[in-house]
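**Q** Protein chains in written order, with my numbering: chain A, 10 to 339; chain B, 31 to 375; chain C, 74 to 507.
Encoded as structure tokens, here's the structure I'll be asking about.
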Amino acid sequence: MMPDFDQQGKGQTKAWQPDLSAPAVLLEGVSKSYGRIFALSNITMALNGGVTGILGMNGAGKSTMFKLLMGKLKPSQGKIRLFGTDPWKNPAPYARVGFVPEHEKMYDWMTAHQFVSTFARLNGLTRAEAMLEADRVLNFVGLADVAHKKIGQYSKGMRQRAKIAHALVNDPELIILDEPLQGCDPLARTTIMNVIRELGRMGRTVIVSSHILQEIERITEQIVILHNGRLLALGNLHAIRDKLDQIPHRITIEAEDAKALAKDVIDMDEVYGISFPDMKNLSIQTHNLGAIHSKLPAAIVENGHRIHTIDNPDDDLASILGYLTSGGGI
Amino acid sequence: MNEEEAIPEQSIEFGAEAPVTGQGRMEAAWGSSEGDEDLSATEVSQPTSTGHVFEQVYKPWKGTLNPRWMRNWAILRHHLLGIFKKGHRPWGMPTRLFILIVFIASLSDAALTLLSGLVGDGTLHQLWGVSRDNLYGHVLGFFPRNVLYYPIVAALLVGSVISEDRQHGTSALYFSRPITRFDYVGMKFVSVALIQSFVVLLTLSLYYFAEIIALGRGWAWIMDTFPLFLAAFLSGMVLIFTYTSIGLSLSSVSKGKFFPGIGLLSIVLGTKVLAILVSTLFDREILYLLSPYDCMAHVGQTMIGTQPTYDQYSWTWSLASLIAMNAIALYTLSARVSSMEVTRE
Amino acid sequence: MESRPNTIYRALDRKAAAITEFTMRQYRTKASTWVVLGVGLVAISLVLLIYIDVMATGFESVDNDRDSEDPDNDGYPTGQEIKYGTDPYMDNSHPGLLTPSIEPEPASNYIDEDGFDITISGGADEQSTGYDDDGDCRDADRTNSQKDSNDNNIICDILIERDRFSGDWYAEADNYVDEDPDDAAYAAEASHMAFVLGIGKMGFVLLLGMFLPLFLATGLIREEMNDGTMHFMLSKPIARTEVFLYRILGYLGIVWPYFIGLGIIFALISGFIGPSDGFFRFQDLAVWLAIVFATMMASFVYGMLFCALGTMWRFGIVLAIPFAAWELGMCIVSMGAPDAPILRFSVVGWALMIVDAAALMAWPNIDIFILQGQLMGDFGLIHSTSLALDFFHSEPGVGTSGLISAVIATVVLLVQGAVLWFIGGAIFKGKEIE
Chain A
10 MMPDFDQQGK
20 GQTKAWQPDL
30 SAPAVLLEGV
40 SKSYGRIFAL
50 SNITMALNGG
60 VTGILGMNGA
70 GKSTMFKLLM
80 GKLKPSQGKI
90 RLFGTDPWKN
100 PAPYARVGFV
110 PEHEKMYDWM
120 TAHQFVSTFA
130 RLNGLTRAEA
140 MLEADRVLNF
150 VGLADVAHKK
160 IGQYSKGMRQ
170 RAKIAHALVN
180 DPELIILDEP
190 LQGCDPLART
200 TIMNVIRELG
210 RMGRTVIVSS
220 HILQEIERIT
230 EQIVILHNGR
240 LLALGNLHAI
250 RDKLDQIPHR
260 ITIEAEDAKA
270 LAKDVIDMDE
280 VYGISFPDMK
290 NLSIQTHNLG
300 AIHSKLPAAI
310 VENGHRIHTI
320 DNPDDDLASI
330 LGYLTSGGGI
Chain B
31 MNEEEAIPEQ
41 SIEFGAEAPV
51 TGQGRMEAAW
61 GSSEGDEDLS
71 ATEVSQPTST
81 GHVFEQVYKP
91 WKGTLNPRWM
101 RNWAILRHHL
111 LGIFKKGHRP
121 WGMPTRLFIL
131 IVFIASLSDA
141 ALTLLSGLVG
151 DGTLHQLWGV
161 SRDNLYGHVL
171 GFFPRNVLYY
181 PIVAALLVGS
191 VISEDRQHGT
201 SALYFSRPIT
211 RFDYVGMKFV
221 SVALIQSFVV
231 LLTLSLYYFA
241 EIIALGRGWA
251 WIMDTFPLFL
261 AAFLSGMVLI
271 FTYTSIGLSL
281 SSVSKGKFFP
291 GIGLLSIVLG
301 TKVLAILVST
311 LFDREILYLL
321 SPYDCMAHVG
331 QTMIGTQPTY
341 DQYSWTWSLA
351 SLIAMNAIAL
361 YTLSARVSSM
371 EVTRE
Chain C
74 MESRPNTIYR
84 ALDRKAAAIT
94 EFTMRQYRTK
104 ASTWVVLGVG
114 LVAISLVLLI
124 YIDVMATGFE
134 SVDNDRDSED
144 PDNDGYPTGQ
154 EIKYGTDPYM
164 DNSHPGLLTP
174 SIEPEPASNY
184 IDEDGFDITI
194 SGGADEQSTG
204 YDDDGDCRDA
214 DRTNSQKDSN
224 DNNIICDILI
234 ERDRFSGDWY
244 AEADNYVDED
254 PDDAAYAAEA
264 SHMAFVLGIG
274 KMGFVLLLGM
284 FLPLFLATGL
294 IREEMNDGTM
304 HFMLSKPIAR
314 TEVFLYRILG
324 YLGIVWPYFI
334 GLGIIFALIS
344 GFIGPSDGFF
354 RFQDLAVWLA
364 IVFATMMASF
374 VYGMLFCALG
384 TMWRFGIVLA
394 IPFAAWELGM
404 CIVSMGAPDA
414 PILRFSVVGW
424 ALMIVDAAAL
434 MAWPNIDIFI
444 LQGQLMGDFG
454 LIHSTSLALD
464 FFHSEPGVGT
474 SGLISAVIAT
484 VVLLVQGAVL
494 WFIGGAIFKG
504 KEIE
């Protein structure tokens, strides 16, 4: 008559072991619907190792996906596996997972040290072990000197770091951060990004979600793009960009004599279009960025043009997202 | 070339004694400074060119503000129409349903009077027709009206009326308009009271009216019984006023949605239970003075002229206690609302 | 870290301790906790203060047979004049004129000069009981048939009969038997016992035992879900059913010491102030222990229930209102008809049974005591205080001995709590948390 602690019917008596052959995170055909609205539709992906950015506008389904991973929501279709185990109604995998939720509210009356050590004990640590681990992780995120102040007195950045610290206390292999940079000032953002990069370097699987595209670019090149619940793109940021070859790259050059430069450039095979945004600027449209970049310096130098700036305005996440969401998926 | 100048350390403590300055609130709300950093600024040694960063010209608004009553009417309308229309204050479905049920249930005596008139049954009319005791019972009867109907309607209404604004920050929407805090609270009070009077006073009037219709009462009868009806009406108003003021003061104190409602019910029923306990044990009725219901009942009995059931003390004590309870509740309410922060708490 | 096996059974006590401590700390930081505890203390102390005042004022003894009066103003109370055979209405006839002359006795000798000693022994429907303590029946100069006015062939007794249909007892006393019982002593004892039972049942078990969980336990899970802080607790290898239980344990860690402390205070004060032969009423301690225990059990079951309601539905607390009304009704029923089967469907019915069982064990003669008051009271002070006591006292509903009833009731309450835990945990398990 023991209560059903593992929530799966029979009491779990054997130690839970992670399936080492399985990826840390696996989603297969996962959909989540609320009535007729699909928050996620048919997501399939696997993540193992390194830092992965989940990108999408507000309402794209990023938080929904995280809550599905953390067993807070049940998928309407498809299957989810954390280390090979289904997390719905089974919290055993969380021994190896650290989750940083996006909700702002925290326990303002606790100090960061109390917060981290109390929740550390939920992993089964003793009080003494929890205190030591709390010191360790608070040091790692840079809150060691303010660890004994109440969280209510913290700034937004410090609160985020305290949340990250609490997620790291059980030395997890998979760390999920839901909008960790939201509302932080630039100094805090930098600190948190450093922490995330460090975790990736240490070999953990880190999943970060954000809609602040510049920050994701600075943390990682592995991205997943969600839009309206669908998976738009998955992979290396630059590779994704390159795949979009139906959308031309642009190179913007600010030159002393834009028209003269245009004459020299227009003959190149890879150039299929030229435009003049204004008197001093030349915009080249091309399908093959690499080839243009190898030929362009020669064309400029040999012809004696004077150039102020060369810019590649499309090779960043904002434009990728813009192209993808206006034009459809890959 | 660049000088670094350390700005004196701003340590902003958020202790209880800290004055609530604008900056204090900003820091608390948005957390842009950690409070114990060394802030430094870089100054360029060459002077920048002069010129406006941007130009702002403030002009006084030359329009006419509509009269105060119109603004207040807007608030009142928003709260009242929300009971049965979309697009206004969304009272929850359980609240609306319960108000409807109570309205119908409160009409039971009117329905039975009509029935007695239709059927011509004298005994039925004696039991349910308009009389001093029945008028009193309609408003102040303990079971079931003041156990199951009216206090619970009041509890459901007052529960979220102020605390929801505090929780979601919509109080900022009110106070960034030319609305005083007194008007804000006043209109909420009036709207909750009006909804309750719909259930208590309208049904009372319908009951009186039903008697006139069903039994064809003439002017002589109306002249005789109208003072009783007025007295019952007045008692109903006292009842509604008391429940509303206690409930609203609880709503202004709490941030939760249900604590004020449960608190109101606990006060009304809990004090009654305690008073009954003491009066059964020791035959002392003094604790009835702490029970809002019993104070109102005593005063109501005096006004309507029914048999008093509290014989150990005069009704003036109950009246004094009632006034004191309302005064405390209203004082709490006004103190809380005038010190209410307009940011989301 | 790697050496630890990864079942979620591991270190249950550590997880339990962590969440329980955390919950208790969280309660301490909330103003509403202190407000609720404070208001409960004030409310119930008011009743205690009134009790102290009533006991201090004392009760007036009533001379039921008016034989302490002196209508002829000769200085000798009527009772003394009757005793010595003189005429109480003629001032030239009094015991001072007898030889040897007899001194006048103080009038107080003739107030409450008789005892109340009705007892019921055995199962007979008709019994003779009572004793004429002051001798004004036995010693009087009358014939035997005059002394046996109830015609049961026993002089100077009280005949008690049980009505075969209603089960109620009726008394018929011979003239001058137990006609002036000690009102003050009876009223004090009855009031005290009524207070203990009344405050225990309605104050402690019903009001405190139900309203404290209503305010404190409903938000245990629901508030965390609303605030988003539930994610912190649930993103750990801990089962949701466990989280539910440990949160409740934290809540019990706040309310149980409160009840125990309050119970000790009440027991001490009422033990010293109540009427007793010594300086302290030790026999009451068993009842107070049962009251505190019943309150603890009730708060445990109600806590589970309200927490489950809160978890189940956003507006779960709205469902608590009709439930509270039901329990109030059941409390009244329990005092009026303690063996009604409908009580089995309530929580408060079982909790009150524990109190009743303890009352049965601590005050074994309480039934007879009440009966005495009703049979002898004549609508005076004795009668009214015995009615009050009768209202709050009842036999334990399962009809067996005190201890067995208490044990059964405790087991039932524990089972109710466990069932509610399973239900609440199951609801929580299936909840999607945004």
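Yeah, the Cβ is synthetic: ideal placement off N, Cα and C, and Gly gets one too.
Kindly indicate if chain C contains any beta-carbon less than 9 Å away from that of B:LEU304.
**A** Yes, because at least one Cβ of chain C sits closer than 9 Å to the Cβ of B:LEU304.
**Q** Go through the segment 72 to 129 of chain A residue by residue and report every complete run of the alpha helix (DSSP H) that reaches 4 residues or more, in order.
**A** Taking only runs of at least 4 residues, the alpha helix (DSSP H) segments lying wholly in the segment 72 to 129 of chain A are 121 to 129.
**Q** From the beta carbon of C:ILE327, is the nearest beta carbon of chain A less than 9 Å away?
**A** By this cut-off, C:ILE327 is not an interface position.
**Q** What do you reckon, are the CB atoms on B:LEU165 and B:ILE316 nearer than 9 Å?
**A** Not in contact: B:LEU165 and B:ILE316 (Cβ atoms no closer than 9 Å).
**Q** Please classify A:ALA121 as buried or exposed, where buried requires at least 16 neighbouring CB atoms within 10 angstroms.
**A** Answer is buried; the Cβ neighbour count reaches 16.
**Q** Near C:ASP136, which residues of its chain fall below 6 Å by C-beta distance, leaving aside the five closest residues on each side in sequence?
**A** Within the same chain, C:ASP136 has close Cβ partners ILE184.
**Q** Determine whether the Cβ of B:ARG314 lies closer than 9 Å to any Cβ atom of chain C.
**A** Yes - at least one Cβ of chain C is within 9 Å of the one on B:ARG314.
**Q** For C:GLY148, which option in C:LEU476, C:HIS456, C:ARG237, C:ALA180 has the closest C-alpha, if you only look at C-alpha atoms?
**A** C:GLY148 has its Cα closest to that of C:ALA180, out of C:LEU476, C:HIS456, C:ARG237, C:ALA180.
**Q** Is B:MET333 near the ligand SAH, going by C-beta to nearest heavy atom under 8 Å?
**A** Absence of the ligand SAH is noted for the structure shown, with no ligands found whatsoever.
**Q** Could you round the C-beta distance between B:ILE276 and B:PRO322 to whole angstroms and report it? I think they count as a contact, below 8 Å.
**A** Confirmed, about 7 Å.
**Q** Taking 9 Å as the CB-CB cut-off, is B:LEU278 touching chain C?
**A** With 9 Å as the cut-off, B:LEU278 does not count as an interface residue toward chain C.
**Q** In three-state DSSP terms, what is A:TYR43?
**A** It is a strand residue.
**Q** Counting along the chain, where does the alpha helix (DSSP H) carrying B:THR200 start and finish?
**A** Element bounds for B:THR200: n/a, residue is neither H nor E.
**Q** Quickly, what does DSSP pair C:LYS245 with across the bridge? List them, please.
**A** Note that residue 245 of chain C is Glu in the sequence shown, not Lys. BP columns for C:GLU245 point to C:LEU232.
**Q** Using three-state DSSP, classify A:TYR163 as helix, strand or coil.
**A** Correct three-state label for A:TYR163: coil.
**Q** Taking only the alpha-carbon atoms, compute the straight-line gap between C:ILE342 and C:PHE332 and give it to the nearest angstrom.
**A** Whole-angstrom Cα-Cα distance: 15 Å.
**Q** Is any beta-carbon of chain C found at less than 9 Å from that of A:ASN132?
**A** Answer yes: the Cβ-Cβ gap between A:ASN132 and chain C drops below 9 Å somewhere.
**Q** Contact between the segment 182 to 192 of chain B and the segment 209 to 228 of chain B: three or more CB pairs below 8 Å?
**A** Touching, per the Cβ criterion.
**Q** Interface residues of chain C around B:SER23 at Cβ under 7 Å?
**A** Nothing about residue 23 of chain B can be reported from this structure: the residues present for chain B run from 31 to 375 only.
**Q** Assess, as a yes-or-no matter, whether the segment 304 to 319 of chain A is touched by the segment 261 to 277 of chain A under the definition of 3 or more beta carbon pairs within less than 8 Å.
**A** Output reads yes: the segment 304 to 319 of chain A touches the segment 261 to 277 of chain A.
**Q** Around the C-beta of A:MET10, are 16 or more other C-beta atoms found within 10 angstroms, so that it is buried, or is it exposed?
**A** For A:MET10, the predicted structure reports a pLDDT of 33, less than 50, and the residue's modelled location is therefore unreliable. A value from the coordinates is still provided. Exposed.
**Q** In whole angstroms, give me the CA-to-CA distance for A:ASN297 and A:TYR281.
**A** If you take the alpha carbons of A:ASN297 and A:TYR281, they lie about 10 Å apart.
**Q** Does DSSP put C:PHE412 in a helix, in a strand, or in coil?
**A** Reading off the sequence shown, one finds Asp at residue 412 of chain C, where the question assumed Phe. Three-state result, C:ASP412: coil.
**Q** Given 8 Å as the limit, is there contact between the segment 187 to 197 of chain A and the segment 132 to 141 of chain A, that is, 3 or more CB pairs closer than that?
**A** The answer is no - the segment 132 to 141 of chain A does not touch the segment 187 to 197 of chain A, with fewer than three Cβ pairs under 8 Å.
**Q** Under the DSSP definition of a beta bridge, which residues are partnered with A:VAL280?
**A** Note: A:VAL280 sits in a beta bridge opposite A:THR295.
**Q** Measuring CB atoms only, is the segment 98 to 117 of chain A touching the segment 155 to 165 of chain A, in the sense that at least three cross pairs come out at less than 8 Å?
**A** The answer is yes - the segment 155 to 165 of chain A touches the segment 98 to 117 of chain A, with three or more Cβ pairs under 8 Å.
**Q** Look up C:PHE501 in the DSSP assignment and say whether it is helix, strand or coil.
**A** Reduced to three states, the DSSP call for C:PHE501 is helix.
**Q** Starting from the Cα of B:PHE22, find the closest Cα among B:PHE289, B:GLN197, B:GLY330, B:THR200 and give me that residue.
**A** An answer regarding residue 22 of chain B cannot be provided, because it is not within the stretch 31 to 375 covered by chain B.
**Q** Give me the chain A residues within the contact set of C:THR302, using Cβ-Cβ distance strictly less than 9 Å, ordered along the chain.
**A** Within 9 Å Cβ-Cβ: PRO110, HIS112, LYS114, MET115, TYR116.
**Q** Quick one: grab the DSSP three-state call for B:ASP254.
**A** In the structure shown, B:ASP254 sits in a helix (DSSP, three-state: H, G or I).
**Q** Whole-angstrom Cβ separation of C:PHE284 and B:GLY286, contact assumed at under 8 Å?
**A** The Cβ separation is near 16 Å, so there is no contact.
**Q** What is the DSSP secondary structure of C:LEU318, counted as helix, strand or coil?
**A** Looking at C:LEU318 - three-state DSSP - the assignment turns out to be helix.
**Q** Checking contacts by CB at 9 Å: is C:ARG77 closer than that to chain A?
**A** Residue confidence for C:ARG77 is low, a pLDDT of 48 falling below 50, so the modelled location carries little weight and cannot support an answer.
**Q** Is C:SER134 closer than 9 Å to C:GLY152 when the C-beta atoms are compared?
**A** Going by C-beta atoms, C:GLY152 is not nearer than 9 Å to C:SER134.
**Q** Need the endpoints of the alpha helix (DSSP H) that B:LEU130 sits in, please.
**A** Counting along the chain, the alpha helix (DSSP H) containing B:LEU130 begins and ends at 123 to 136.
**Q** Looking only at its chain, what residues have a beta carbon closer than 8 Å to the beta carbon of C:ASP241, apart from the 5 residues adjacent to it on each side?
**A** Excluding residues within five positions, the ones whose Cβ falls inside 8 Å are ARG235.
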